[in-house]
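To keep things clear, I will list the structure first and then write my remarks on it.
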Amino acid sequence: MSDGARRSGNGSAQSSNPKATETSPPRTARYGEWRSPFPIGLLVEGKVGLRECRFDHRSDGLAWLESRPEEDGRQVLVRWTEAGGARDVSPAGMNVRDRVHEYGGAPSLVSGDLVVVSDFATGRLHRVRGDRASEPITPDGAFRYADLQLDEPRNRLIAVRQDHSGAGEAVNAIVAIALDSGAVEVLAHGHDFFSAPRLSPDGSRLAFLAWDHPNLPWDGTELFVAPLDGAGGAGEGALVAGSRSDWIAQPAWSPDGVLHFVAEPDGWMNLHRWRNGTVEPVAPMEAEFAYPDWVFGIRNYAFAGDGSILAIGRSHGADRLYRIPREGSPEQIALPFTELGSIDVKGDHAVLEAAGPRTFKAIILLDLRDGTFRAIRRSAAKDLDPARISEPEAIEFPTAGGRTAHGLYFAPRNPAFTGAEGERPPLIVTSHGGPTAQAYAALSVEVQLLTSRGFAVLDVDYGGSTGYGRDYRKRLEGEWGIVDVDDCVAGAQFLARRGDVDERRMAIEGGSASGFTTLAAITFRDVFGAGISFFGIGDLLNFAKETHKFESRYLDRLLGPLPEAAAIYRDRSPALHAELVRCPALILQGLDDRVVPPTEAERIVDALWERGVAHAYIAFEGEDHGFRKATSIIRSFEAELSFLGQVFGFEPADDIAPLEVVNLERWRAVAAIG
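Below, the structure is given as structure tokens:
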């Protein structure tokens, strides 16, 4: 239920109110009615998504994947060199993605003249020539491939394959694919899931991760090492680390053939290595050096030529970059960023994705000799004026059970406007998807569009989030729909008590798992005045029956195994208790979503209709789990703004079409009587 590309975007900022400047006295206007210097088109204009940057270790330059909302969200493989700059290398019109585990990841490989990509439309792997023409390597059929690795001496690829050709559940395995013939050889099978096949430097051993239902990776994975014979056949894998209850992530071989990985025996996801048959920690600290494995190809650490390790660790809601020497204590490399990822090292330079409170995501090239860096590719044409940016305040607040929870608070910010005397701003509470994930601590267009219009925003890292250690993450086990809702409610009430926001105008919104939290909050609590759900879950029993293989047993830990816990599923399903919803709801759904199928949204809408609850519903053609088309992204934000204006009684300054909210007048009449 990881929320994909929902609406996040960025682009060049141009003032929609040129007469209002920071040197003029601010105008007084109601919160929500401020004219923003950031047009809604900023969500998509000049915006690209950036992921999986890495060096081409066989030649000069870099490669990365770039998603483009203005091309209906198509993902493109891009190659960059110092002399030639950036150029597309994947076939024109092809969407370079895969759907293994539905979320995919690592759908391409670049090594010198060898370029291989996964065609999202067919699932086939293609070999790409220098002129961007391609020919398929793998046969036609119901197969998907991810996490591509090159076994150069044997002229083959190693990958995770998901086979949908049979009846029932898809079958996963690690396979070798001959580059000349496309012949496929199974190297490891027998588990429900596999990931991270990693070939040792001498080609004699293959490390990989495996796990089985009901686990997701962070519940428990096992790390195996299998010997390879001269022809590349795999022997039986030996268990190196992990279990059904221990999270192991990101195995990687050092240049001298020592297997490293991330594990949390002491409660934090720290680096470890397997040397001489023994597992030992590397630089233990209270920080997380792995993200939840929703997609393939996540890389939080890389090996430098001097034997040190460059590693990204997260704590206190932000990422930091560390250099871990062979001997001695780790040192933090000072960078002005709070979100880091996808690191790779070559020579004296590192490449990684980076974003900060004032800067959108970029691919940066970091000089390890002096710590200087430059942006190779930005996700936006330019960054926003810092004077207009609302920067996050990390807050910790009391919540249910005598515990504390975390969040990022963004106050309204627009130098051209101020609120009316005595008025407090409306609050929008949001949270991440997953639910095993974390809040985003860097510059977000969506947040800035809201704060610059006079909204306050709270992004909640509820109990169950990552980045705060194992105990915090496991708070959600058996308590989904309780702990997450408690923490969102507590965060909103904390800000209201502090005097930051208007407790009568608090809304909650979210996508995917956060959409479920949103629906549960407006169904089972009477705190929020509006709810906005992006592809959220309403009926937990039906979701468990209909969702895809990767998450088909996710709820076993979050709620309890079926059929024993069926009563809990029913009790916490918002769609089954729509009579309890007292505030208006906006439901947005992609019709091609295979993670949270459209039937989920339709059940919720039907229930709201039958109960006479004020609501609006928009279904998006051609969108799946996350909106990627520019038109969908724009329309969803405009609908949100119109919806909030109608519910909270303000007139947005933007020229947008009003959203039709069913039963709104009835709700207003009831609210007035109440």
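Counted from 1, the sequence shown has number 2165 at position 670 by our numbering; the numbering is strictly sequential. Ideal placement from N, C-alpha and C gives every residue a C-beta, glycine not left out.
Hey, how far is the Cα of Pro1825 from the Cα of Leu1816?
10 Å
Close-in-space but distant-in-sequence residues of the same chain around Ser1606 (CB under 6 Å, 5 per side omitted):
Arg1553 and Leu1645
From Val1461 to Ala1937, what does the alpha carbon distance come to, in whole angstroms?
It is not possible to answer for residue 1461, since the shown part of the chain is limited to 1496 through 2169.
Thr2126 (DSSP reduced to helix, strand or coil):
The three-state reading of DSSP puts Thr2126 in helix, counting H, G and I together.
Bridge partners of Val2178, per DSSP?
This structure leaves residue 2178 out entirely; the chain is present only between 1496 and 2169.
Alpha-carbon to alpha-carbon, Glu1916 and Tyr1598:
48 Å
Where does the unbroken alpha helix (DSSP H) through Ile2063 begin, and where does it stop?
Its alpha helix (DSSP H) spans residues Ala2061 to Asp2066.
Would the beta-carbon of Ala1459 fall within 8 Å of that of Asp1966?
Past the boundaries of the shown model lies residue 1459; the chain is included only from 1496 to 2169, so the question cannot be answered.
Under the assumption that Val1679 contacts Ile1669 (Cβ atoms under 8 Å), give the Cβ distance between them as a whole number of angstroms.
Rounded, the Cβ-Cβ distance is 11 Å, inconsistent with contact.
With distances taken between CB atoms, is the gap from Trp1742 to Pro1776 smaller than 8 Å?
no
Any beta carbon of chain C sitting closer than 8 Å to that of Arg1592?
The chain inventory of the structure shown lacks chain C, comprising one protein chain alone.
What's the call for Lys1877, buried or exposed, on a 16-neighbour Cβ count within 10 Å?
exposed
Own chain, CB closer than 6 Å to Gln2084, minus 5 neighbours either side, in chain order:
Phe2030, Pro2093, Ala2096 and Ala2114
To the nearest angstrom, report how far apart Asn1771 and Val1753 are at their CA atoms.
9 Å
CB Val1610 to CB Val1573, shorter than 8 Å?
no
Could you tell me the alpha carbon to alpha carbon distance between Arg1821 and Ala1911, rounded to whole angstroms?
53 Å
Pairwise C-alpha distance: Arg1809 and Gly1698:
33 Å
Nearest to Gly2010 (by Cα), restricted to the options Val2090, Arg2052, Arg2048 and Gln1988
Val2090
When the Cα atoms are used, what is the spatial distance from Leu2159 to His1767?
57 Å
Rounded straight-line distance, which links the Cα of Trp1529 to that of Pro2079:
23 Å
Pair every Cβ in the region 1968–1978 with every Cβ in the region 1544–1564, then say whether three or more of these pairs are closer than 8 Å.
no
Mapping DSSP to helix, strand and coil, what is Arg1582?
strand
Is it buried or exposed, Val2165, if we count other Cβ atoms within 10 angstroms and call 16 or more buried?
Residue burial annotation: Val2165 is exposed, with fewer than 16 other C-beta atoms found within 10 angstroms of its C-beta.
Are the beta-carbon atoms of Leu1847 and Ser1837 separated by less than 8 Å?
Result yes, Cβ atoms of Leu1847 and Ser1837 sit closer than 8 Å.
Span separating the alpha-carbon of Val1623 from that of Pro1586
7 Å
By the DSSP assignment, the alpha helix (DSSP H) with Cys1983 in it spans what residues?
Here the alpha helix (DSSP H) through Cys1983 covers Val1978 to Arg1993.
Using 8 Å as the threshold, is the C-beta distance between Asn1667 and Phe1703 below it?
no
Given Pro1881, which residues of its chain have a CB within under 8 Å of its CB, disregarding the five upstream and five downstream residues?
Arg1853
Thr1516 by DSSP, collapsed to three states: which one?
Legend: pLDDT at Thr1516 = 46, less than 50; position of this residue unreliable, no value from coordinates given.
Glu2041: first and last residue of the uninterrupted alpha helix (DSSP H) it sits in:
Leu2035 to Glu2041
What do you get for Pro1750, buried or exposed, if any count of 16 or more other CB atoms within 10 angstroms of its CB means buried?
exposed
Check whether Lys1542 and Ser1874 have beta carbons under 8 Å apart
yes
Just grab the DSSP bridge partners of Glu1916 for me.
As computed with DSSP, Glu1916 is found in no beta bridge at all.
Using the C-alpha atoms, what's the distance from Phe1550 back to Val1790?
Taking the straight line joining both Cα atoms gives about 20 Å.
Identify which residue in Ser1926, Ala1932 and Val1978 has its Cα closest to the Cα of Glu2198.
There is no way to answer for residue 2198, as the model of the chain reaches only from 1496 to 2169.
For Lys1856, count neighbouring Cβ atoms within 10 angstroms of its own Cβ and tell me buried if that reaches 16, exposed if not.
buried
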